[in-house]
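Visitor:
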Amino acid sequence: MNTDRIIAFVMAGGQGSRLQPLTAARSKPSVPFGSRYRIVDFVLSNLVNSQIQTIYLLVQYKSQSLIEHVRKAWTISPLLQSQFVTVVPPQMLSGQHWFQGTADAVNQNINLIEEHRPDRVAVFGADHIYRMDVRQMLAFHRERQADVTIAALPVPLAEAASFGVIAADPEGRIQGFEEKPASPTPMPNDPALAFASMGNYIFDTEVLLEALKACRDAGETDFGQHVLPRLLRTHRLYAYDFSTNRIPGIQPYEDQVYWRDVGTIDAYFEAHKDVLGADPAFDMFNPEWPIFSSNYQGPVAKLVGGEVRNTLLGAATVIHEGARVRDSIIRRETVIEEDVELDNCVIMDYVRIGRGARLRNVIVDRHNMIEPGARIGFDRAHDAEHFHVSPGGVTVVPMGRLSYYARDVLDPNMRGRYSE
Numbered sequence: 002m003n004t005d006r007i008i009a010f011v012m013a014g015g016q017g018s019r020l021q022p023l024t025a026a027r028s029k030p031s032v033p034f035g036s037r038y039r040i041v042d043f044v045l046s047n048l049v050n051s052q053i054q055t056i057y058l059l060v061q062y063k064s065q066s067l068i069e070h071v072r073k074a075w076t077i078s079p080l081l082q083s084q085f086v087t088v089v090p091p092q093m094l095s096g097q098h099w100f101q102g103t104a105d106a107v108n109q110n111i112n113l114i115e116e117h118r119p120d121r122v123a124v125f126g127a128d129h130i131y132r133m134d135v136r137q138m139l140a141f142h143r144e145r146q147a148d149v150t151i152a153a154l155p156v157p158l159a160e161a162a163s164f165g166v167i168a169a170d171p172e173g174r175i176q177g178f179e180e181k182p183a184s185p186t187p188m189p190n191d192p193a194l195a196f197a198s199m200g201n202y203i204f205d206t207e208v209l210l211e212a213l214k215a216c217r218d219a220g221e222t223d224f225g226q227h228v229l230p231r232l233l234r235t236h237r238l239y240a241y242d243f244s245t246n247r248i249p250g251i252q253p254y255e256d257q258v259y260w261r262d263v264g265t266i267d268a269y270f271e272a273h274k275d276v277l278g279a280d281p282a283f284d285m286f287n288p289e290w291p292i293f294s295s296n297y298q299g300p301v302a303k304l305v306g307g308e309v310r311n312t313l314l315g316a317a318t319v320i321h322e323g324a325r326v327r328d329s330i331i332r333r334e335t336v337i338e339e340d341v342e343l344d345n346c347v348i349m350d351y352v353r354i355g356r357g358a359r360l361r362n363v364i365v366d367r368h369n370m371i372e373p374g375a376r377i378g379f380d381r382a383h384d385a386e387h388f389h390v391s392p393g394g395v396t397v398v399p400m401g402r403l404s405y406y407a408r409d410v411l412d413p414n415m416r417g418r419y420s421e
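Sequential numbering of the sequence shown, starting at 2, is according to the numbering used here.
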């Protein structure tokens, strides 16, 4: 049995600029995903399911939405003081500046490590969709007597420039590390792939404390660019192959090693397709490894009429007679009026789609009213004049007025706002 004392820092302060306009008013970890989740729920669920329940969520940019979500959804235990998810903004204890990088974010909160005196410290990102049993990574870390372990997986070489790229021997001992290299080094056994860091690290505590002090003294701020290359010269760094991680309850039809970086609109949109279908690549239903989120108290979805195929419906959604919805995600308290057609869409919370509207390959952010008869997703040039259109052709309607809720009495001032 694992008796290590472990605390986790979750890096949730990223701006998510490539996910604009979904990150215009929220941080990337706070962006909704699927029919009821936020992106941050996946890393938090993985930690809690792995019995790592002392968790500090380090936030920075546009953090209010994330703070509110954690307050409502992530109260683990009010009785057990070591089990919590706590949001930590920049406190400027060591200087008058915000977090300057991942290592600086932990360095500014080094007092939390000293307070808990853990054996190990996990430093994880908050930007990805996946399931992971962190205990298996910890077992690998102990077996190799590693000072630092980095979770890694093979990615296509063409995409590797967005990651830290690792060179490791057959036992996993890291021989080289390059942070977002212009020309990534391919894997020796497959030149089409590179071994990429997932941005998830486990440190022996004393090694981390010494590395952070050296980092601070040198004016360095980032794990990937500074801390890990420095430690590689003097310590035992290992790469844990995420493809060996096994999750209970995974079905045979699922991608057994599912991990998606949803850092762009197109990647985010494509990942939603993976949760649809009778045999989804990533099945959100897994009682043995649940993904936790807010405990919404509203009613279930209501299908008054219409035709719904291969679609996930959030709570309190209403679909009216004559509507046709295909291959879509509909989040909570959304109203689909009569004769609407939605094809391959992600409709977020509190949205009303007006009678007769037609949407295809569209993301509609929260609190919106789509005008009756609107056509979105059929004319790229026309859409680009009014909305954001991704390189892959996904049209994004940005967040509407926060005071608008689709199931409230219809506000005539909202009519016509998105009439195109």
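Just so it is clear, CB atoms sit at the ideal spot from N, CA and C, and this is done for glycine as well.
(1) Helix, strand or coil for LYS63, going by three-state DSSP, please let me know.
(2) Considering only residues of the same chain and omitting the five flanking positions on each side of TYR259, which have a CB-CB separation below 8 Å?
(3) With a threshold of 6 Å on Cβ separation, who are the neighbours of PHE204 within its own chain once the five nearest residues in sequence on each side are excluded?
(4) Would you report the Cα separation of VAL156 and LYS181, rounded to the nearest angstrom?
(5) Do ALA153 and ASP242 have their C-beta atoms closer together than 8 Å?
(6) Please report how far the alpha carbon of ALA375 lies from the alpha carbon of SER329, in whole angstroms.
(7) Take the Cβ of SER427 as the centre, count every other Cβ of all protein chains shown within 10 Å, and call the residue buried at 16 or more, exposed below.
(8) Could you check whether the segment 338-354 touches the segment 305-323, counting it as contact only if at least three pairs of C-beta atoms, one from each stretch, sit closer than 8 Å?
(9) Out of curiosity, what's the CA-to-CA distance linking VAL11 and ALA25?
(10) I'd like the span of the beta strand (DSSP E) that includes ARG217, first residue to last.
(11) Quick one: using the 10 Å Cβ neighbour count with 16 as the cut-off for buried, is PRO392 buried or exposed?
(12) Would VAL398 pass as a contact of VAL365 if the rule is Cβ separation under 8 Å?
(13) Short of 7 Å in beta carbon distance, which residues of its chain neighbour PHE164, apart from the five on each side in sequence? Order them along the chain.
(14) Going along the chain, which residues of its own chain have a beta-carbon closer than 8 Å to the beta-carbon of ASP267, five neighbours each way excluded?
(15) Since ARG1 and ARG327 should fall inside the 8 Å C-beta cutoff, what is the C-beta to C-beta distance between them, to a whole number of angstroms?
(16) What are the boundary residues of the alpha helix (DSSP H) that ARG143 is part of?
Guide: Looking at the coordinates:
(1) Position 62 of the sequence shown, counting from 1, holds the residue named residue 63. In the structure shown, LYS63 sits in coil (DSSP, three-state: anything other than H, G, I, E or B).
(2) Within the sequence shown, residue 259 is the residue found at index 258, counting from 1. Answer for TYR259: ILE130, TYR131, ARG132, ASP275, ALA282, PHE283, listed in chain order.
(3) On the sequence shown, residue 204 is found 203 positions in, with the first residue counted as 1. Within the same chain, PHE204 has close Cβ partners VAL122, VAL149.
(4) As a working mapping, residue 156 is identified with position 155 in the sequence shown. As a working mapping, residue 181 is identified with position 180 in the sequence shown. Whole-angstrom Cα-Cα distance: 13 Å.
(5) For the purposes of this step, residue 153 is identified with residue 152 of the sequence shown, where counting begins at 1. For the purposes of this step, residue 242 is identified with residue 241 of the sequence shown, where counting begins at 1. Contact flag set, yes.
(6) Taking the sequence shown and counting its residues from 1, the one referred to as residue 375 is at position 374. Taking the sequence shown and counting its residues from 1, the one referred to as residue 329 is at position 328. Taking the straight line from one Cα to the other gives about 18 Å.
(7) Summary: the structure shown does not reach residue 427, with the chain confined to residues 2 through 421, and so no result is reported for it.
(8) Output reads yes: the segment 305-323 touches the segment 338-354.
(9) Against the sequence shown, residue 11 aligns to sequence position 10. Against the sequence shown, residue 25 aligns to sequence position 24. One C-alpha to the other measures close to 22 Å.
(10) Indexing the sequence shown from 1 puts residue 217 at position 216. Premise fails: ARG217 lies in the alpha helix (DSSP H), 206-218, not in any beta strand (DSSP E).
(11) Here residue 392 corresponds to residue number 391 of the sequence shown, with the count starting at 1. Result: exposed.
(12) Stepping through the sequence shown from its first residue, residue 398 is reached at position 397. Stepping through the sequence shown from its first residue, residue 365 is reached at position 364. For VAL398 and VAL365, yes; Cβs fall inside 8 Å.
(13) Start at 1 with the first residue of the sequence shown, and residue 164 comes out as number 163. Same-chain partners within the cutoff: VAL156, LYS181, ALA197, SER198.
(14) Here residue 267 refers to the residue found at position 266 of the sequence shown. Excluding sequence neighbours, ASP267 sits near SER391, PRO392, GLY393, VAL395.
(15) For residue 1 there is no data in the structure shown, the boundaries of the chain being 2 and 421.
(16) For the purposes of this step, residue 143 is identified with residue 142 of the sequence shown, where counting begins at 1. It spans 135-144 - the alpha helix (DSSP H) in which ARG143 sits, taken as one unbroken run.
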